[in-house]
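Working notes for the structure below.
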Amino acid sequence: GEHDERLAVHVREDGSERFVAFARVFGGTLRIGDTVHILGPRYDPRYPEKYRHVLKVERLYLMMGRALEPVDTVPAGCVCGLGGIHDAILKTATVSTSPHCPPMSVIPAHAKPIIRVAVEPENPAEQHAVLRGLRLLNYADPAVEVSVLQTGEHVVAACGEVHLEHCLRDLRERYCPVQFRVSPPLIPFRETITTRPDGKPAPSIERSTPSKLYTFKLRAVPIPSSITDWLEEHAADMRALFLDADRSDALLADIQQFRQSLLVQ
């Protein structure tokens with residue numbers, strides 16, 4: 015049969031943790047001792063040597079609320095826990111007794127990571143412990159993204175501030191036993207925006223929210239040189255706008271005059 019899976023965490027009585035795949039059996043019967051093929055989301059039956067692992071089912075669990083009850087078989091239509099395969103999958107996978115089975119579509123996430131922070135150990139000699147903790151966090155949370163930048167920084171991307179707080183707390187309390195530092199939120203910068211060589215306007219980009227209720231259309235164009243020149247000439251005045259109340263009124267009048275000149279042009 016085929017089984018779509020996501021990873022969950024099971025805490026054993028001795029305090030250590032074991033990763034268990036959250037799975038649903040769509041066809042056939044899953045039994046302990048079965049030899050199965052773990053097919054990644056990019057698996058193609060035409061190239062069976064890629065994105066495929068062959069493992070033997072060692073543990074099966076019936077999910078009873080917060081408890082996991084060991085069982086020997088799981089029939090089609092049931093939800094179960096599948097242990098011993100966390101080294102073969104990252105987020106999701108399809109499990110089948112046949113290598114000719116195409117992988118099931120990945121369930122799209124309704125929320126995308128929007129906030130990123132870099133994580134590094136306070137003691138560089140404990141880098142391996144932080145990397146292991148990040149790997150476990152990436153296994154346990156289907157919504158988090160862990161990546162490495164070109165600068166070598168290890169980045170945790172979360173779906174918001176609350177989600178990031180939960181991720182960092184789990185990292186400190188469960189997955190990473192060493193002290194580590196967290197950077198301020200990382201904001202990507204782009205060098206510049208230029209006009210097209212042919213002089214035509216830049217194409218617009220249209221994106222919709224996950225709920226499809228709102229659609230945004232954006233077009234990026236460079237700032238006119240007259241505005242950038244004015245900002246460079248009045249850089250000190252712009253800083254004073256927020257620091258010196260006496261100079262702010264005069265600067266606002268100057269800005270209004272410059273705006274009128276742009277409208278005339």
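Using the working numbering, read the sequence shown as starting at 15 and increasing by one per residue. The C-beta atom is built at its ideal place from N, Cα and C for all residues, glycine as well. Predicted, not measured: the structure shown is a model, and the values here were computed from it.
Per-residue DSSP class, three states only, for residue i
i: H114; result: coil
i: L76; result: strand
i: G95; result: strand
i: P216; result: The sequence given here has Ala at residue 216, not Pro. Coil at A216, not helix or strand.
i: C209; result: The residue you asked about is not Cys; residue 209 is Thr in the sequence shown. T209: coil per DSSP, three-state reduction.
i: T223; result: coil
i: H67; result: strand
i: L200; result: coil
i: P89; result: strand
i: F272; result: helix
i: P232; result: It is Leu, not Pro, that sits at residue 232 in the sequence shown. Strand.
i: P138; result: helix
Exposure of residue i, with buried meaning 16 or more beta-carbon neighbours within 10 Å
i: D101; result: exposed
i: P135; result: buried
i: V93; result: exposed
i: G29; result: Any reading at G29 must be qualified, since the residue scores a pLDDT of 46, below 50, and its modelled position is unreliable; the value itself is stated next. Its Cβ having fewer than 16 others within 10 Å, G29 is exposed.
i: V109; result: buried
Pick from the options that is closest to residue i, judged by C-alpha positions
i: Y57; options: V39, L69, P117, V109; result: P117
i: K126; options: V160, P217, A216; result: V160
i: F36; options: I219, V68, Y153, P199; result: Y153
i: D69; options: P55, L96, T87, V85; result: In the sequence as displayed, the identity of residue 69 is Leu instead of Asp. Among P55, L96, T87, V85, the Cα nearest to that of L69 belongs to L96.
i: E140; options: V169, Q193, R66; result: Q193
i: I52; options: P198, D212, L104, R146; result: L104
i: T208; options: P224, S239, P198; result: S239
i: T49; options: T165, T111, L150, R149; result: T111
i: R32; options: K226, V85, G54, I99; result: I99
Straight-line Cα distance separating residue j from residue i
i: L76; j: C190; result: 29 Å
i: C181; j: R195; result: 14 Å
i: V120; j: R210; result: 37 Å
i: P89; j: I46; result: 12 Å
i: A234; j: R273; result: 21 Å
i: G42; j: Y61; result: 25 Å
i: R253; j: Q270; result: 17 Å
i: P198; j: Y65; result: 36 Å
Endpoints, the beta strand (DSSP E) within which residue i is located
i: T43; result: 43-45
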